[in-house]
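S.K.: Have a look at this one before I ask anything.
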Amino acid sequence: MTPVKKETHTHKSEDKTHAPHAHAKEHKKEAVPVAIESDNPAATFAQSEIAFPGELMDAVEELGFQSWTEIQAKSIPLIQLGKDVIGQSHTGSGKTAAFGLPILERIHSGKGIQALILVPTRELAEQVMQEMRKFAKYKKLRIEPVYGGVSINPQINYLRTADVVVGTPGRVLDHLERGTLRVEKVHTLVLDEADKMFEMGFIDDMKKIISQIPTEKQTLLFSATMPTEIQMLVKRYMKNPEVVKVQSYVDQGKLLQQFYDIGHDHKKKFPLLMHLINTEKLGLTMIFCSTRRMVDWLVYNLKQQGVKCEAIHGGLSQNQRKHALELFHQQHVNFLVASDVAARGLDIKNVSHVINYDLPRTSQEYIHRIGRTARAGSEGKVISILSQPDYGNFKDIQRDKSLIMKEMPLQDFPFIAFDRPPRGFRPERPGGGVPFGQRGRGGRGRGGFGGNRGGFSRGPREGGFAPRGEGRGFGRRDGAGNPESGEGQPRGPRRFGGGGFGGPRGSREGNFPSRGREGGRPGSFRPRPQRNPNDITDHPIRKKFGDKK
Numbered sequence: 389m390t391p392v393k394k395e396t397h398t399h400k401s402e403d404k405t406h407a408p409h410a411h412a413k414e415h416k417k418e419a420v421p422v423a424i425e426s427d428n429p430a431a432t433f434a435q436s437e438i439a440f441p442g443e444l445m446d447a448v449e450e451l452g453f454q455s456w457t458e459i460q461a462k463s464i465p466l467i468q469l470g471k472d473v474i475g476q477s478h479t480g481s482g483k484t485a486a487f488g489l490p491i492l493e494r495i496h497s498g499k500g501i502q503a504l505i506l507v508p509t510r511e512l513a514e515q516v517m518q519e520m521r522k523f524a525k526y527k528k529l530r531i532e533p534v535y536g537g538v539s540i541n542p543q544i545n546y547l548r549t550a551d552v553v554v555g556t557p558g559r560v561l562d563h564l565e566r567g568t569l570r571v572e573k574v575h576t577l578v579l580d581e582a583d584k585m586f587e588m589g590f591i592d593d594m595k596k597i598i599s600q601i602p603t604e605k606q607t608l609l610f611s612a613t614m615p616t617e618i619q620m621l622v623k624r625y626m627k628n629p630e631v632v633k634v635q636s637y638v639d640q641g642k643l644l645q646q647f648y649d650i651g652h653d654h655k656k657k658f659p660l661l662m663h664l665i666n667t668e669k670l671g672l673t674m675i676f677c678s679t680r681r682m683v684d685w686l687v688y689n690l691k692q693q694g695v696k697c698e699a700i701h702g703g704l705s706q707n708q709r710k711h712a713l714e715l716f717h718q719q720h721v722n723f724l725v726a727s728d729v730a731a732r733g734l735d736i737k738n739v740s741h742v743i744n745y746d747l748p749r750t751s752q753e754y755i756h757r758i759g760r761t762a763r764a765g766s767e768g769k770v771i772s773i774l775s776q777p778d779y780g781n782f783k784d785i786q787r788d789k790s791l792i793m794k795e796m797p798l799q800d801f802p803f804i805a806f807d808r809p810p811r812g813f814r815p816e817r818p819g820g821g822v823p824f825g826q827r828g829r830g831g832r833g834r835g836g837f838g839g840n841r842g843g844f845s846r847g848p849r850e851g852g853f854a855p856r857g858e859g860r861g862f863g864r865r866d867g868a869g870n871p872e873s874g875e876g877q878p879r880g881p882r883r884f885g886g887g888g889f890g891g892p893r894g895s896r897e898g899n900f901p902s903r904g905r906e907g908g909r910p911g912s913f914r915p916r917p918q919r920n921p922n923d924i925t926d927h928p929i930r931k932k933f934g935d936k937k
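Sequential numbering of the sequence shown, starting at 389, is according to the numbering used here.
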């Protein structure tokens, strides 16, 4: 790659600016997407062909960029020509700059919302927004995020003056229905991590959002994989898209993949993890678990052993997740225990090790996990701990012949019990909140009833009201999407209470007590005694509801 040139400040032809509106008329017949997979991006688009106004290039150079990444070199010229583009690349490849710089080039301040970027999680929305603001440092544009889990009222206020909006599907649809997000001037739509939005159940929300945006627009879709639903979305809403595929940002030659098989003795899993922590030379390490509960329980046990670590999953508030990431970035803690969805799309640099405490279900999720390390020429190591429940997933992962995993012999290590947290356990969270049983007297942001809800917004409550984190909180929606969603469940019918105050175990599916219901009132509950009509009394028996006699 050649260095980024600063002296070229304008495009060679002015028609690039208005191309997205013109190209819609050209593509009336359906065409097969064109894939660009050359090994040398400069051979197809020379470095001199990529030029931006000086105000953008000044910001780019201040950020230390010296050359374009592969996804940028291949996709930027196509986007500047106004074409619909499908970019297939993994996290960390430079996608944000690939679509962000051409978008910012066409945005004019104070002309309304002109670009909408959809992402699957709150963290990714914050990350994309921050990067876009850095690029637009000298253009003075208003780039605003919208996502669930926080108050909707401040979002309503700053959407009035926004130029670019980065948001999650659920909250964007909320604003569209309220009329607080005006999209009639949107000329560019970006679907980032489209496959993950589909996996999280947002495909219907995505379709509703796309249908409300002007037809003559430029659509940019970035996805690591292309499931059938995403292909159908492309066929329906994109016009002659050009497909840009790039190689993985992870250097497989510098990535060492190992696994330990503990068989049916699952009690060895935590002692083995502690043995690895004590014997391996671990730098910044991400530990992946399959569920929120396991993330919390593992963090509890690691802290019991004196390991400095933090958790990140969809059950935490935005401030808590943000603070945990800051502690990890600043290396105040060396271990970040995460769920897949919460960590998806996050560009976390300098991660030396990835440990799969629970194995993912698919090879694609495995690839996303290991993509946290061995980036940009750095060495990395992935360690997976297998037990009997992981064997099925492990076979699915091994079908991908590009993944070379070496089995390591088990050594003697001291046994350390994996303790179940005490009843009512709710771990202390960084960045706000208090443990269960120490709630305040309510009020917004004080940790009591209604705390962290941001008023009566339609976003999900963080953590619910259940003492053990298993029931849904009072007023929480019944979503149809992935329960690991960091942004909240896809929209569905709302039931009063959504299951009440969280039963001691299991979900509370009914609104009132009923036989055969899972969860519900505890076994010690005693119903009110009924009066016998034959008892001698001067008081009349109250009629039952609906009794006409």
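Note that beta-carbon positions come from the ideal geometry of N, C-alpha and C, so glycine has one too.
Predicted, not measured: the structure shown is a model, and the values here were computed from it.
What would DSSP say about Tyr-625, mapped onto helix, strand or coil?
M.R.: Reduced to three states, the DSSP call for Tyr-625 is helix.
S.K.: Reducing DSSP to helix, strand and coil, say where Pro-465 ends up.
M.R.: Pro-465 falls in the helix class under three-state DSSP.
S.K.: State buried or exposed for Gln-619, treating a residue as buried only when at least 16 other CB atoms are found within 10 Å of its CB.
M.R.: Flag for Gln-619 reads exposed.
S.K.: Taking the alpha carbon of Phe-453 as the reference point, which residue from Ala-486, Leu-469, Ile-467 has its own alpha carbon closest?
M.R.: The shortest C-alpha separation from Phe-453 is found at Ala-486.
S.K.: Applying the criterion that 16 or more other CB atoms from any shown protein chain within 10 Å of the CB defines a buried residue, is Pro-777 buried or exposed?
M.R.: By the neighbour-count rule (16 or more Cβ atoms within 10 Å), Pro-777 is not buried but exposed.
S.K.: Secondary structure at Ile-544, three-state DSSP: helix, strand or coil?
M.R.: Helix.
S.K.: Please classify Phe-523: is it buried, with 16 or more other beta-carbons within 10 angstroms of its beta-carbon, or exposed?
M.R.: So Phe-523 ends up on the buried side.
S.K.: Near Ile-501, what residues of its chain come up, given a Cβ to Cβ distance below 8 Å and the 5 sequence neighbours on each side ignored?
M.R.: Excluding positions up to five away in sequence, the list reads Leu-547, Ala-550, Asp-551, Val-552, Val-553, Leu-569, Arg-570, Val-571, Lys-573, Val-574.
S.K.: Could you pull out every residue in the same chain whose Cβ sits closer than 8 Å to the Cβ of Asp-728, ignoring the five residues on either side in sequence?
M.R.: So the list reads Phe-676, Ser-678, Pro-748, Glu-753, His-756, Arg-757, Glu-872, once near-sequence residues are dropped.
S.K.: Excluding sequence positions up to five away, which residues of its chain have a Cβ less than 8 Å from the Cβ of Gly-498?
M.R.: Closer than 8 Å at the Cβ level, and outside the excluded window around Gly-498, lie Thr-549, Asp-551.
S.K.: Can you give me the start and stop residues for the alpha helix (DSSP H) that His-717 sits inside?
M.R.: Element bounds for His-717: 706 to 717.
S.K.: Could you name the residues of the same chain whose beta carbon sits closer than 8 Å to that of Lys-696, not counting the 5 residues immediately before and after it, in chain order?
M.R.: So the qualifying residues of the chain are His-720, Val-721, Asn-722, Phe-723.
S.K.: For Asp-649, which three-state DSSP category applies?
M.R.: Asp-649: strand per DSSP, three-state reduction.
S.K.: I believe Val-634 touches Ile-459 by the beta-carbon criterion, under 8 Å. Please report the beta-carbon distance rounded to the nearest angstrom.
M.R.: Confirmed, about 5 Å.
S.K.: Within the same chain, show all residues whose beta-carbon is closer than 6 Å to that of Pro-794, passing over the 5 residues directly before and after it, in chain order.
M.R.: According to the sequence as given, residue 794 is Lys; it is not Pro. Gln-646.
S.K.: Need the endpoints of the alpha helix (DSSP H) that Ile-610 sits in, please.
M.R.: The question names Ile, but residue 610 is Phe in the sequence shown. Not the alpha helix (DSSP H): Phe-610 falls in the beta strand (DSSP E), residues 606 to 610.
S.K.: How long is the line joining the alpha carbons of Pro-542 and Glu-532, rounded to whole angstroms?
M.R.: If I take the Cα positions, the gap works out to 11 Å.
S.K.: Which value, in whole angstroms, describes the spacing of the CA atoms of His-701 and Glu-668?
M.R.: So the two alpha carbons sit approximately 26 Å from each other.
S.K.: Any idea what DSSP makes of Ala-486, helix, strand or coil?
M.R.: Helix at Ala-486.
S.K.: Classify Asn-666 as buried or exposed, calling it buried when 16 or more other Cβ atoms lie within 10 Å of its own Cβ.
M.R.: Asn-666 comes out exposed.
S.K.: What do you reckon, are the CB atoms on Asp-947 and Met-682 nearer than 8 Å?
M.R.: Residue 947 lies beyond the range of the chain shown here (389 to 937); nothing can be said about it.
S.K.: What is the rounded straight-line gap between the Cα of Gln-600 and the Cα of Ser-751?
M.R.: Rounded to the nearest angstrom, the two C-alpha atoms are 35 Å apart.
S.K.: For Leu-506 versus Met-585, is the C-beta spacing smaller than 8 Å?
M.R.: A contact, by the Cβ cut-off of 8 Å.
S.K.: Just confirm the distance between the C-beta atoms of Thr-613 and Asp-583, as a whole number of angstroms; I'd bet it's less than 8 Å.
M.R.: Thr-613 to Asp-583, Cβ: 5 Å. Contact.
S.K.: Rounded to whole angstroms, how far is the Cβ of Asn-689 from the Cβ of Phe-716, which I believe are closer than 8 Å?
M.R.: Not a contact, Cβ separation roughly 19 Å.
S.K.: So, are the CB atoms of Ser-740 and Thr-673 less than 8 Å apart?
M.R.: In contact: Ser-740 and Thr-673 (Cβ atoms closer than 8 Å).
S.K.: Can you find the residues in the same chain that come closer than 6 Å, C-beta to C-beta, to Asn-738, ignoring five residues on each side of it along the sequence?
M.R.: Counting only Cβ-Cβ distances below 6 Å, and skipping sequence neighbours, we find Leu-672.
S.K.: Can you check whether the CB of Leu-451 is closer than 8 Å to the CB of Glu-362?
M.R.: Since the displayed the chain opens at 389 and closes at 937, residue 362 lies outside it and no answer follows.
S.K.: Keeping to the same chain, check which residues put their C-beta closer than 8 Å to that of Gln-693; ignore five residues upstream and five downstream.
M.R.: Closer than 8 Å at the Cβ level, and outside the excluded window around Gln-693, lie Met-662, Ile-804.
S.K.: With 16 as the cutoff for other CB atoms within 10 Å, does Pro-490 come out buried or exposed?
M.R.: Pro-490 comes out buried.
S.K.: What is the DSSP secondary structure of Ile-804, reduced to helix, strand or coil?
M.R.: Coil.
S.K.: With 16 as the cutoff for other CB atoms within 10 Å, does Pro-465 come out buried or exposed?
M.R.: It counts as buried.
S.K.: In three-state DSSP terms, what is Ile-531?
M.R.: Three-state DSSP puts Ile-531 in a strand.
S.K.: Check whether the Cβ atoms of Arg-680 and Gly-703 sit closer than 8 Å, and answer yes or no.
M.R.: Against a cut-off of 8 Å, the Cβ pair of Gly-703 and Arg-680 comes out as a contact.
S.K.: Do you know how far the Cα of Val-725 is from the Cα of Leu-686?
M.R.: Those two C-alpha atoms are separated by around 8 Å.
S.K.: Use the C-beta contact count for Asn-545: other C-beta atoms within 10 angstroms, 16 or more gives buried, fewer gives exposed.
M.R.: Exposed: under 16 other Cβ atoms inside 10 Å.
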